[in-house]
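Here's the structure we're looking at; comments come further down.
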Amino acid sequence: MKNNVLFKTRFKKIIDAFWLREDILEIIPNCQCEYLDNNFRLLCVSSETLFSENELKPVFELYKTEFFIVEQNISRARLHTIS
Numbered sequence: 001m002k003n004n005v006l007f008k009t010r011f012k013k014i015i016d017a018f019w020l021r022e023d024i025l026e027i028i029p030n031c032q033c034e035y036l037d038n039n040f041r042l043l044c045v046s047s048e049t050l051f052s053e054n055e056l057k058p059v060f061e062l063y064k065t066e067f068f069i070v071e072q073n074i075s076r077a078r079l080h081t082i083s
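The sequence shown begins at 1 in UniProt numbering and counts up by one.
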């Protein structure tokens with residue numbers, strides 16, 4: 001089962017959305033990380049490896065990004081209806 005977390009984010013600079021995604025991909029092994037909207041507000045992080053919000057919190061703080069978890073362990077079918 002995949003560990004899926006959907007975050008709602010708020011960036012001060014849009015370029016930070018790209019770098020945040022790249023940093024998450026480096027931190028969590030075999031991870032998929034994608035934005036589900038054009039405004040870079042909904043970020044889905046999926047991995048076969050279990051991870052917690054605490055592992056990602058320093059990355060969000062690095063970019064001074066406001067975030068909160070919308071859902072955890074959501075199915076792929078549900079993700080497609082959000083975007």
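Virtual Cβ for every residue (Gly too), placed ideally from N, Cα, C.
Counting along the chain, the unbroken beta strand (DSSP E) around E71 starts and ends at E66 to Q72. Rounded to whole angstroms, the separation of the alpha carbons of P29 and S47 is 7 Å.
For R10, the CB contacts under 6 Å within the same chain, skipping 5 residues up- and downstream, are E66 in chain order.
The alpha helix (DSSP H) runs of length 4 or more contained entirely in the segment 14-54 are, from start to end of the chain, 15-27. Partner residues in the beta bridge of K8, as assigned by DSSP, are L42 and F68.
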